[in-house]
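Undergrad: Supplied in structure tokens, the structure appears directly below.
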Amino acid sequence: SPGMMPFHRLKEVLEQRPYLSNTLIAGFFCFAGDLTQQLLYNDKIKLGELATFTGMGLVFGPVGYAWYGRLDRWFPGTANLTIIKKLFLDELVWGPFFTFVIFGVLPYVETKDREFAMKELERKFLPAWLGSASFWLVFQGINFKFLPLQYRVVYFMGLSFIFDTGLAIYRYQY
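Positions 56 to 229 (my numbering) are the ones given, in order, by the sequence shown.
Encoded structure:
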């Protein structure tokens, strides 16, 4: 049916060009999450902030795809114990890495002030990482159990719009 054409095309692109498609999708959702946060809380759009958050998504798209591929190679299959192992590693490796980038690297990139970046990291890292783990454990369990690799970052980034909007609010408003 004509209504399904965009989804069929997306499926083809995800299968044929997984790194490129995941890069663009992740960049888009980070852009959308930060833009939403800014529209809710700011009088005007801060383009530097928007560019930084979008850039982070453009980097994390291919990195995330590679990470999920690695998890699949280390722990093939969808048995419950396999999913638990993937979740454990995802939350103990990817979670802290991502949180460090958000609260340690992005503040430095935006301000070039190392002291400010360290204070942001010290103040926000643990609450953000624990919040991230509580949000993602259930959703990543679904991701690892039911979705093929080429769809994982898209699924993750779709949910990430909600998470990234909240994360951007926490990052820039508190």
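Beta carbons are placed, not taken as given, at the ideal position from N, Cα and C, and that holds for glycine.
What is the DSSP secondary structure of I217, reduced to helix, strand or coil?
TA: Looking up residue 217 in the sequence shown gives position 162. Helix.
Undergrad: Do three or more CB pairs link the stretch 87 to 94 to the stretch 137 to 152 at distances below 8 Å?
TA: The stretch 87 to 94 is not in contact with the stretch 137 to 152.
Undergrad: Find out if the Cβ-Cβ distance for the pair F86, L102 is shorter than 8 Å.
TA: Residue numbering aside, residue 86 sits at position 31 when the sequence shown is read from its first letter. Residue numbering aside, residue 102 sits at position 47 when the sequence shown is read from its first letter. No, Cβ-Cβ distance for F86 and L102 is not below 8 Å.
Undergrad: Does the structure place the stretch 165 to 173 close enough to the stretch 205 to 223 that three or more beta carbon pairs sit under 8 Å?
TA: Counting Cβ pairs under 8 Å, fewer than three are found: no touch.
Undergrad: Just mark L161 as buried or exposed, buried being the case when its beta carbon has 16 or more other beta carbons within 10 Å.
TA: In the sequence shown, the residue the question calls residue 161 occupies position 106. Buried.
Undergrad: Going by the beta-carbon positions, is the gap between W82 and L204 smaller than 8 Å?
TA: For the purposes of this step, residue 82 is identified with residue 27 of the sequence shown, where counting begins at 1. For the purposes of this step, residue 204 is identified with residue 149 of the sequence shown, where counting begins at 1. Sequence check: residue 82 is Gly here, not Trp. Not closer than 8 Å, so no.
Undergrad: Taking the straight line between their C-alpha atoms, what separation do you get for E170 and L222?
TA: Here residue 170 is taken as the residue at index 115 of the sequence shown, counted from 1. Here residue 222 is taken as the residue at index 167 of the sequence shown, counted from 1. Those two C-alpha atoms are separated by around 21 Å.
Undergrad: When the Cα of Y120 is compared with those of F199, H63, F180, which residue comes out closest?
TA: For the purposes of this step, residue 120 is taken as residue 65 along the sequence shown, with counting starting at 1. Ranking the options by Cα distance to Y120, first place goes to F199.
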